[in-house]
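Participant: Going by the working numbering, the sequence shown opens with residue 3, and the numbers climb by one from there.
Attaching a single structure in structure tokens format; questions to follow.
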Amino acid sequence: MTNEHAYEVRPRKDSRGVDLMSDVLPFGRLWYGGPNAVSNAIGYAIHSSRSHDAVIQVYDATGNVIETHEHAGEFKERERPKQKAATR
């Protein structure tokens with residue numbers, strides 16, 4: 003089982019921005035509009051996956067991948083302190 007998050011950024015069919023889609027999003031997709039829609043969607047995906055590795059693929063209107071971004075998660079597992087043996 004992998005902890006890598008996969009995201010897709012696709013143009014909306016109504017030409018009103020892009021959708022950020024992933025199984026790890028609580029509602030399945032988020033809509034971004036405006037001139038920075040793609041970069042805002044990528045930024046959100048990186049931020050929400052900061053403790054996991056992530057792959058973000060950006061698609062054009064014909065369904066071709068035009069950009070791929072890979073993010074290495076920053077989560078580092080800490081060592082647990084050793085418990086002392088119980089004495090009676």
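The beta carbon of each residue, even a glycine, is placed where N, CA and C say it ideally should be.
1) Please classify Val26: does DSSP put it in a helix, a strand, or coil?
2) Any chance the stretch 44-64 sits against the stretch 18-26, with 3 or more Cβ pairs inside 8 Å?
3) Could you name the residues that DSSP lists as bridge partners for Thr70?
4) Look at the alpha carbon of Val67 and the alpha carbon of His73, and state the distance between them as a whole number of angstroms.
5) Starting from the C-beta of Thr70, find all residues in its chain whose C-beta is less than 8 Å away, skip the five residues before and the five after it, and write them out in chain order.
Facilitator: If we stick to the structure as given:
1) coil
2) yes
3) Gln59
4) 17 Å
5) Val57, Ile58, Gln59, Val60
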